[in-house]
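Q:
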Amino acid sequence: MHSNIMENDKKYLLRSIEIAKESIVNGGGPFGAVIVKGDKIISEASNRVVLNNDPTAHAEILAIRQASTQLQTFELNDCTLYTSCEPCPMCLGAIYWSGIRKIVYSSDRTDAERAGFDDKFIYNEIMLEPSKRGITFIRSSDPGGEDVFRMWNEKDDKIVY
0 MHSNIMENDK KYLLRSIEIA KESIVNGGGP FGAVIVKGDK IISEASNRVV LNNDPTAHAE
60 ILAIRQASTQ LQTFELNDCT LYTSCEPCPM CLGAIYWSGI RKIVYSSDRT DAERAGFDDK
120 FIYNEIMLEP SKRGITFIRS SDPGGEDVFR MWNEKDDKIV Y
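Numbering (numbering that gives the first Met the number 0) for the sequence shown: 0 to 160.
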């Protein structure tokens with residue numbers, strides 16, 4: 000355990016690791032996450048990609064969903080995420096969208112890669128222009144999509160996020 004984290008951080012980080020171990024035993028992936036507000040655990044989750052047949056069912060995503068439901072808000076900026084491993088690009092995006100400002104993690108992407116979880120190709124793809132990615136991206140010249148943002152911009156009672 001790294002000595003540069005606070006005692007409470009260690010407690011919650013160890014809980015995320017315990018959840019990851021339980022997940023393996025129960026047929027899930029080797030990842031666990033805990034979201035804390037103040038000194039209270041708001042949500043806990045493990046990786047359920049295979050169990051749920053859902054490629055987005057990462058521990059961090061599920062914990063964010065649970066915390067948002069529990070707190071009745073999409074803004075988790077006063078919460079801390081503890082996770083057994085450095086979040087992947089998808090989870091990192093969700094973390095930014097949720098407003099979480101602190102993440103404490105144990106293993107990193109190199110450790111995950113050694114265990115067969117290689118996110119490097121996604122990090123590399125994100126940096127490319129859509130036309131150069133491994134997935135085909137086609138932007139339509141149909142102007143209909145612009146109407147959606149025009150409607151949004153004109154909406155007086157929108158909740159900006």
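Ideal Cβ placement from N, Cα and C applies to all residues, glycine included.
As the structure is a prediction and not an experimental result, all values here were calculated from the model.
Contact defined as beta carbons within less than 8 Å: I believe N46 pairs with G28. What is the distance between those atoms, to the nearest angstrom?
A: Right, their Cβ atoms sit about 3 Å apart.
Q: May I have the straight-line CA-CA distance separating E59 from V33, to the nearest angstrom?
A: Computed Cα separation, rounded: 8 Å.
Q: Just to confirm, are L178 and Y122 a CB contact at a threshold of 7 Å?
A: In this structure the chain extends from 0 to 160, so residue 178 is not present and cannot be described.
Q: Taking F30 as the reference, give the member of I94, R100, A111 with the closest Cα.
A: Selected option, being the one with the closest Cα: A111.
Q: Just reading off the beta strand (DSSP E) that Y11 is part of, what are its end residues?
A: Not the beta strand (DSSP E): Y11 falls in the alpha helix (DSSP H), residues 6-24.
Q: Our contact map puts C87 next to D118 with C-beta atoms below 8 Å; I'd like the distance itself, whole angstroms only.
A: About 5 Å separates the two Cβ atoms, so the contact holds.
Q: Residues in its own chain within less than 7 Å of M0 by CB, not counting five upstream and five downstream?
A: The predicted model places M0 with a pLDDT of 47, which falls under 50 and marks its position as unreliable, so this point remains unresolved.
Q: Expressed to the nearest angstrom, what Euclidean distance is found between the alpha-carbon atoms of P54 and V48?
A: Going from the Cα of P54 to the Cα of V48 covers about 5 Å.
Q: What's the call for L75, buried or exposed, on a 16-neighbour Cβ count within 10 Å?
A: Under this definition L75 is a buried residue.
Q: Do you know offhand how far Y104's Cα is from C90's?
A: Computed Cα separation, rounded: 13 Å.
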